[in-house]
Each structure stands twice: as C-alpha cells, then as structure tokens.
Amino acid sequence: MSQLNALTLHLLNTLKPYVKPNDIDAWQTDGQLHIIQDDLGEGINIAKWQHSAVIAIERLPHTKFNPYTILAILAAWLSDNDWPQEEYGLSEPAIDIDIISDDHAQMIINIDLVDDLGIVEDEQGNIPYMGKKYRLENIPINWAEQVDLINRGEQ
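The opening position of the sequence shown corresponds to residue 1 in this note's numbering, with each subsequent residue numbered one higher.
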C-alpha cells in the first residue's frame, strides 16, 4: 500500500463520523524515481518513488469538529511512519482551510511522500529484471532480535 493510500485511509478512519468516504479524495502529482536496488533477502527494493501528494477533504463540519485535530492526526501519523523528511529534503506539509459555509469547510493537504517499490521473484510477474521475472510487492523487513558475538582473539 502506498504512503498516500495508507494516510488517506488513516484519516478516513480517524475522522469518522465527521468525514464520509465520498468527502475525501487523494492523488499524486510530480515525482522522482530514485533507483536503489537494495536486496532485502525476501525481495528487492528496486527504487523509491518520491512524489507530491494532495489530500482534499470536502464538507468538513468545522463547527462540530476542530480542523486542527486533523493537523495533529497528520503530524502523529508522519512521526509513527518514519517520514523521511530530512533524508529526502521533503517540504513541510502545506494545509489550506477554506470556510465554504456556516456548516462546512474544505481542507487541502499538500505533502511530499516517499514509497518503496519492492519486487519479488515470480515466474508470472510482469517486471523483467536481471534475467528473471518479478512482481510488485511490499517486502517485509526482518530485524534481528538477538546477535551473538564471538571474540576470536581470546580463544
């Protein structure tokens, strides 16, 4: 799942019942492809997709729900999901809140995101790479929970 899909779904779930599914939309704009070819064991992180994204929230009932809560939700999500702002020089999120009526506002969030493009070997895959076929897949990262060190100089 892309960062944009995950963030949009998170906003939708945390803003219920104030925001309905038809009142939130998201899309990607300008992007850069960073080729990295990082073998993760269970697959290859072939590239990173750095892009600008827009999330539009319509009919936000600003008198019943404080729009600043969305700013806090956004900041918490970015922190929880290791947003690589410094590593990629990403801009701070830009937010525009327009009051449409006494009952509703519109919020536009512009944010820079980075997605991993992971591939795993698959004979039926449609991505040819290094003489094999692969498919696009989220690759799990397995972290060592224990390390044994042996000092061979003191045997």
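Ideal Cβ placement from N, Cα and C applies to all residues, glycine included.
> Taking buried to mean at least 16 other C-beta atoms within 10 Å of its own C-beta, is TRP83 buried or exposed?
Replying inline: buried
> Terminal residues of the continuous beta strand (DSSP E) containing LEU136?
Replying inline: 132 to 136
> TYR129 bridges to which residues according to DSSP?
Replying inline: LYS132
>> Can you tell me where the beta strand (DSSP E) holding ASP82 begins and where it ends?
In response: Premise fails: ASP82 is in no beta strand (DSSP E) and is neither H nor E.
> With distances taken from CA atoms, which of ASP112, MET130, SER101, ALA105 is nearest GLU92?
Replying inline: Ranking the options by Cα distance to GLU92, first place goes to ASP112.
> HIS34 lies in the alpha helix (DSSP H); which residues open and close that run?
Replying inline: Careful: HIS34 lies outside any alpha helix (DSSP H), inside the beta strand (DSSP E) at 24 to 39.
> How about the region 126 to 140 and the region 15 to 35: do they share at least three Cβ pairs that are nearer than 8 angstroms?
Replying inline: no
> Helix, strand or coil for GLY43 per DSSP?
Replying inline: coil
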